[in-house]
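All you need for this note's numbering is the position in the sequence shown, starting with 1, plus 139.
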Amino acid sequence: DRGFDVLTGGAGKDTFVLQYTANNPSQADVITDFTSDDKIKLIGVNFSQLTFESVNVILDGANAVASTAIKSGNDYLGVVYNVNQTALNSGSFL
């Protein structure tokens, strides 16, 4: 859809699909349980167009957690909760 969603995979390998672009990280979809076995599928953008930004995310009124926003230009595609930007690389994306 066109707005903030919380995406949670589960056990095993998951693929999270990101397409919508938001003006700021608080409007972007959040992936809550990304692991090195999971993949992020991008629609309309490729890995070479991405930049990563460190952000703090608060879910369900809990404490802020260091996370990584995925950007293309000035647009936010999504946020990977509790994952450092150095953990994301071309192998993390489809």
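Built from N, CA and C at the ideal position, the CB exists for glycine as well.
Which term fits residue i, buried or exposed, when burial requires 16 or more other beta carbons within 10 angstroms of its beta carbon?
| i | result |
| --- | --- |
| K210 | buried |
| L233 | exposed |
| V145 | exposed |
Which of the three DSSP states, helix, strand or coil, is assigned to residue i?
| i | result |
| --- | --- |
| T190 | strand |
| T225 | helix |
Rounded to the nearest angstrom, how far is the Cβ of residue i from that of residue j, given a contact under 8 Å?
| i | j | result |
| --- | --- | --- |
| I220 | V169 | Per the sequence shown, residue 220 should be read as Tyr rather than Ile. At roughly 5 Å, the Cβ-Cβ gap stays under 8 Å, so Y220 and V169 are in contact. |
| L216 | T154 | Incorrect: roughly 15 Å between the Cβ atoms, too far for contact. |
Let me make sure I understand the geometry here. Which of the options has the alpha-carbon closest to that of residue i?
| i | options | result |
| --- | --- | --- |
| I197 | L157, T154, Q166 and N162 | Q166 |
| A226 | G212, L216 and A205 | A205 |
| S231 | A203, V156, G200 and N163 | V156 |
| S187 | G148, G212 and V222 | G212 |
Check your understanding: At which residue ranges does the region 161 to 222 contain complete beta strand (DSSP E) runs of 3 or more residues, listed in the order of the chain?
Key -> 168 to 170, 178 to 181, 189 to 196, 204 to 211 and 214 to 219
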